[in-house]
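Quick mapping for you: the protein sequence lines, in order, are chains B and H. Offset between the first sequence (1-based) and the working numbering: plus 117. Offset between the second sequence (1-based) and the working numbering: plus 13. Don't be surprised by glycine CBs; every beta carbon is placed ideally from N, CA and C.
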Amino acid sequence: MADLLERGSRWLEDQRTKHCTRDVNYVRGAASAVVRATVGRTEFKTDDGETVRIEFTDRDFLVLSADLVLAGNPTTPERGDKVRETQDGMVYVFEVMDWRYSDPYRKTFRIETKLVGTEAI
Amino acid sequence: MAVITDIADAIVAELNAATFSQPVAAVRHYLPQFDLKEMQTLHVTVVPKAVVLASSDRSRGQGDYSVDVAVQKKFETEANVELDPLMNLAEEIADHFRGRRLVSYPNAAWLKTEQNVLYAPEHIDELRQFTSVLTLTYRVLR
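Structural data, given as structure tokens:
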């Protein structure tokens with residue numbers, strides 16, 4: 118018998134991707150791919166440790182695991198990958214710090230990033 | 014100026030005049046605060062930390078003045094080949110000041126250098142940034 122919860126979760130993830138995403142450029146070295154991503158939690162934070170205070174912006178991106186294909190190969194996110202998001206004439210460059218699956222059925226990555234640069238188009 | 018800011022400025026001057034394995038542009042701050050986006054380049058930050066005053070002899074007191082020197086840079090690969098030069102720079106800075114008086118503040122005698130934060134693992138993990146902090150302590154009789 119089919120797992121109704123899994124079917125429902127997959128349907129919801131597809132609807133999220135269809136209606137609540139924007140195109141971002143996912144980059145690893147010379148390889149890149151345009152993927153549809155939902156912008157998740159975005160927070161401005163401060164690290165007060167070790168003499169110098171560092172400020173940064175956290176941003177999570179939700180991406181279908183099947184969509185993350187680099188150089189023709191399906192892949193999982195890696196620390197140091199970049200997510201380039203274009204908005205209002207600026208490219209915001211986020212660096213991948215960590216990732217996990219966001220659903221119990223491993224259909225969607227939650228990619229945890231920090232803003233490391235901005236570029237004017 | 015306060016003795017500790019004079020000492021911190023003397024440390025900045027020496028850092029910027031010395032030759033290390035990579036160019037250093039040290040800056041003194043009261044409230045060192047940077048955005049992660051700025052950390053792609055090497056930051057050497059000098060911050061006054063603490064003063065401990067005590068009596069020395071009948072007419073003079075002694076002060077131990079501690080100043081932090083932070084070496085920080087965001088890295089790309091997390092590989093030893095990228096982090097080792099930063100560890101090396103922190104050691105070079107420690108070696109540079111060890112046992113020497115400050116050129117522009119010779120009344121201060123070097124007492125000790127501590128590297129309690131050899132490197133901050135949480136910064137490597139959470140910020141992909143190298144952070145090492147040296148604490149230089151100088152004794153002044155006055």
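Review point. Checking contacts by CB at 8 Å: is B/K231 closer than that to chain H?
Key: yes
Review point. Taking Cβ positions only, does H/R41 come closer than 8 Å to chain B?
Key: no
Exercise for review: For the stretch 120 to 165 of chain B, list the alpha helix (DSSP H) runs that are entirely contained and at least 4 residues long, ordered along the chain.
Suggested key: 121 to 136
Practice item. Counting only the same chain and skipping the five closest in sequence on each side, list residues whose C-beta sits under 6 Å from that of H/P45. Key: T58 and V60
Review point. Over what stretch of residues does the beta strand (DSSP E) that includes H/L147 continue unbroken?
Key: Here the beta strand (DSSP E) through H/L147 covers Q142 to L154.
Check your understanding: If you compare alpha carbons, which of H/T54, H/F47, H/D48 and H/N101 is closest to H/A38?
Key -> H/T54
Review point. Are the beta-carbon atoms belonging to B/E229 and B/D220 less than 8 Å from one another?
Key: no
**Study point:** C-beta contact flag for H/E89 and H/E95 at 8 Å
**Key:** Closer than 8 Å, so yes.
Point to revise | Buried or exposed (CB count within 10 angstroms, at least 16 for buried), H/I17 | key: Burial call: buried.
Practice item. Would you mind working out which of H/N120, H/I137 and H/H42 sits nearest H/T150, comparing C-alpha positions? Key: H/N120
Review point. Tell me which same chain residues have a C-beta within less than 7 Å of the C-beta of H/L102, skipping the five on either side of it?
Key: F33, S34, Q35 and V84
Review point. Cβ of H/L28 less than 8 Å from any chain B Cβ?
Key: no
Exercise for review: Could you check what DSSP says for H/M14 in three-state terms: helix, strand or coil?
Suggested key: Looking at H/M14 - three-state DSSP - the assignment turns out to be coil, as it is neither helix nor strand.
Check your understanding: So B/D198 packs on B/V213, CB below 8 Å; how close in whole Å?
Key -> 4 Å
**Study point:** Backbone secondary structure at H/K50 - three-state DSSP
**Key:** helix
Practice item. Could you list which residues in chain B have their beta carbon closer than 7 Å to that of H/P45, in chain order? Key: T168, V169 and R170
Check your understanding: Does the stretch 184 to 199 of chain B come close enough to the stretch 142 to 149 of chain B to have 3 or more Cβ pairs within less than 8 Å?
Key -> Contact between the stretch 184 to 199 of chain B and the stretch 142 to 149 of chain B is present, because at least three Cβ pairs lie under 8 Å.
Point to revise | Length at least 4, wholly inside the stretch 85 to 130 of chain H: the alpha helix (DSSP H) runs in chain order | key: 93 to 110
Practice item. List in chain order: all unbroken alpha helix (DSSP H) runs of 4+ residues lying wholly within the stretch 18 to 42 of chain H. Key: none
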